[in-house]
Amino acid sequence: MSPYLNRAPWRLTVRHRPGLYAAMLTAALCTAGLLAAQHRMDVDRQQLQWRVEMLARRRVALERVPQAAAQVLPEATLRMVRGQLRLLNRDWSALSSALLPGDTTVRLLVLDVDPSKGAVTLTGRAPDAATANRYARLLSGRTGVLRDVRLLGIARDAGSVQFEVDARWSE
Amino acid sequence: MRSRTTSIYVSERACCVLLPGGRIHRAPHPADCDTFGGFLREQGAPRRIHLVLSALQCRFLVLPWVSSCGTAAAMRAYVTESFAENESVIGDTHRIEIDWPRHGHPVFAVAYPREPVETLAESLRRHGFNVLGVESSVGPMLARHVLASHEVPALFAYAEEDGVTGVTLDAAGIAAVETLYEGSTGLAGFDAWASRKRFAFSEDGRMHWLGDAPMPSGYRGIRSEPEGDAAVSAARAILEACQ
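Chains as they are written, first to last, in this note's numbering: chain A, 1 to 171; chain B, 1001 to 1243.
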């Protein structure tokens, strides 16, 4: 069991230790230098971080622009445009010349053309059923423009016959 | 190795210094202070002086830990007040030094008399010596003679030029310092004190007599080994403990 031996001396003279003072001064200077270097490194790192952020933001902004341009036209508009293009690309004058009846007794009333499917539906008036049949046979003969010609229906009303012809418009 | 310091043992009767040959030079105090300084310069003693006062000139207090003394100023006020109450010591005549304790440990404080120290230091300074510090004889004697393996509590007593000093140690440090003047009688006499101390300790082995001075007859205890064949005296024991 070791007791602690108290000593309370009265120091009359302060012993200056130049070595201790020099060591303290060196330590203080080193600490100041290290703090200054750390501050400089912090400033540099902050600047680099700011630049990285700016570049990242710029890249995001660039990526966003073409995506917005691609989605400008909605679907319905596109369909309409495609339909109109298809209409433009067909040979309408050949179709109209192919549908002309051989004589003046047959009158064409309604012409319904679906250019995307190529379906042609024709409603006309003839004096009798034989004339209507003759007209349908004439159309089926014009194989360059029309195919699958069918006489769909004959309806008899006051003194004349109304007939309906269905054909496919070939390319 | 730095130059050594000269230790001067100051008691109420004389100033003693240990010469290189092993002789003790004694100058009656305070009349011959000037010649003492001149004598030291002739001997070529080291310029740095360390004064060791006898414990009978200083006042000691061991105060219990008070938790309200949180700051150094509060501790100092507490110690000064206790000195004024118990020992009738005031700050003008004595310089109070505190051994700052660890948390919870008792406070050990010493009051050194200003006037003898300052006259001696002034006369030595005139002769070119530099007084580094002042301490009581308790410090060097305990540091030299008390080993770590002693069981505590224990009583360590040694002779001074003008009396006997007894230090009671326990695990926390110095518990009490008692001084007895030579030639005092009655309850303050040595025999009464020694028998009181015997009651305080469970066995005689706990009481030690330090140093080279002869052990008084009324003291029961262990005597530390004397060194060498030189003439045995209290001043020699204390000065050699300061080396």
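No residue lacks a Cβ here, since even glycine has one placed at the ideal position from N, Cα and C.
With hydrogens ignored, establish whether the beta-carbon of residue i is closer than 7 Å to any heavy atom of the ligand PLP.
| i | result |
| --- | --- |
| V65 of chain A | Although the ligand PLP was asked about, the structure shown includes no ligands whatsoever. |
Quickly, what does DSSP pair residue i with across the bridge? List them, please.
| i | result |
| --- | --- |
| Q162 of chain A | A:R125, A:A155 |
| P1113 of chain B | B:H1094 |
| T1179 of chain B | B:T1165 |
| A1237 of chain B | In the DSSP output, where bridge partners are listed per residue, A1237 of chain B has none listed. |
| H16 of chain A | Answer is none; H16 of chain A lacks a bridge partner. |
| F1108 of chain B | B:V1062, B:D1099 |
| L108 of chain A | A:G124 |
| L146 of chain A | A:W169 |
| C1015 of chain B | B:V1010, B:A1027 |
| R11 of chain A | B:G1133 |
| G1173 of chain B | B:D1170 |
| D103 of chain A | According to DSSP, which records beta bridges pairwise, D103 of chain A is partnered with nothing at all. |
| R1223 of chain B | B:W1209 |
State the CB to CB distance for the pair residue i and residue j, rounded to an integer number of angstroms; the pair is presumed to be in contact (CB under 8 Å).
| i | j | result |
| --- | --- | --- |
| I1238 of chain B | S1137 of chain B | 5 Å |
| G1173 of chain B | L5 of chain A | 7 Å |
| D1162 of chain B | Y1181 of chain B | 7 Å |
| A167 of chain A | V149 of chain A | 4 Å |
| E1240 of chain B | L1018 of chain B | 7 Å |
| R1059 of chain B | V1089 of chain B | 5 Å |
| Y135 of chain A | V106 of chain A | 5 Å |
Starting from residue i, trace the beta strand (DSSP E) in both directions and tell me its first and last residue.
| i | result |
| --- | --- |
| T1168 of chain B | 1163-1170 |
| S1027 of chain B | The amino acid at residue 1027 of chain B is misidentified as Ser; the sequence shows Ala. Its beta strand (DSSP E) spans residues 1024-1028. |
| E1160 of chain B | 1154-1160 |
| S1007 of chain B | 1006-1010 |
| A1074 of chain B | Premise fails: A1074 of chain B lies in the alpha helix (DSSP H), 1072-1086, not in any beta strand (DSSP E). |
| V81 of chain A | Counting along the chain, V81 of chain A falls outside any beta strand (DSSP E), though it belongs to the alpha helix (DSSP H) covering 75-89. |
| H1208 of chain B | 1207-1209 |
Could you tell me the boundaries of the alpha helix (DSSP H) in which residue i lies?
| i | result |
| --- | --- |
| R1048 of chain B | Taken as a continuous stretch (DSSP letters only), R1048 of chain B belongs to no alpha helix (DSSP H), being part of the beta strand (DSSP E) at 1048-1053. |
| S1136 of chain B | Segment 1130-1136 is the beta strand (DSSP E) holding S1136 of chain B; no alpha helix (DSSP H) there. |
| F1190 of chain B | 1190-1200 |
| C1069 of chain B | Note, C1069 of chain B: premise wrong, no alpha helix (DSSP H); not H, not E. |
| A94 of chain A | 92-98 |
| Q1043 of chain B | 1033-1043 |
Quiz item: Touching or not, the segment 1149-1162 of chain B and the segment 1067-1076 of chain B, by the rule of three or more beta carbon pairs under 8 Å?
Solution: no
Quiz item: Can you list, in chain order, the residues of the segment 4-18 of chain A whose Cβ is nearer than 9 Å to any Cβ on chain B?
Solution: Y4, L5, N6, R7, A8, P9, W10, R11, L12, T13, R15
Practice problem: Using a Cβ-Cβ cut-off of less than 8 Å, give me the residues of the segment 1046-1071 of chain B that come near chain A, in sequence order. | Solution: none
Practice problem: Indicate whether the contact test is met: 3 or more Cβ pairs, each with one atom in the segment 138-148 of chain A and one in the segment 91-111 of chain A, closer than 8 Å. | Solution: yes
Quiz item: If you measure beta-carbon to beta-carbon, which residues of the segment 1109-1135 of chain B are closer than 7 Å to chain A?
Solution: A1109, V1110, Y1112, A1121, N1130, V1131, L1132, G1133, V1134, E1135
Quiz item: When Cβ atoms are compared, which residues of the segment 1163-1178 of chain B fall closer than 7 Å to chain A?
Solution: L1169, D1170, A1171, A1172, G1173, I1174
Practice problem: May I ask you to verify whether the segment 1054-1064 of chain B touches the segment 1092-1107 of chain B, counting CB pairs closer than 8 Å and requiring at least 3? | Solution: yes
Quiz prompt | Meets three-Cβ-pair contact criterion under 8 Å: the segment 1038-1052 of chain B and the segment 1087-1102 of chain B | solution = no
Self-check item: Stretch-stretch touch, CB-based, cutoff 8 Å, three pairs: the segment 1042-1054 of chain B with the segment 1120-1132 of chain B
Solution: yes
Quiz item: Between the segment 55-68 of chain A and the segment 105-119 of chain A, are three or more C-beta pairs nearer than 8 Å?
Solution: no
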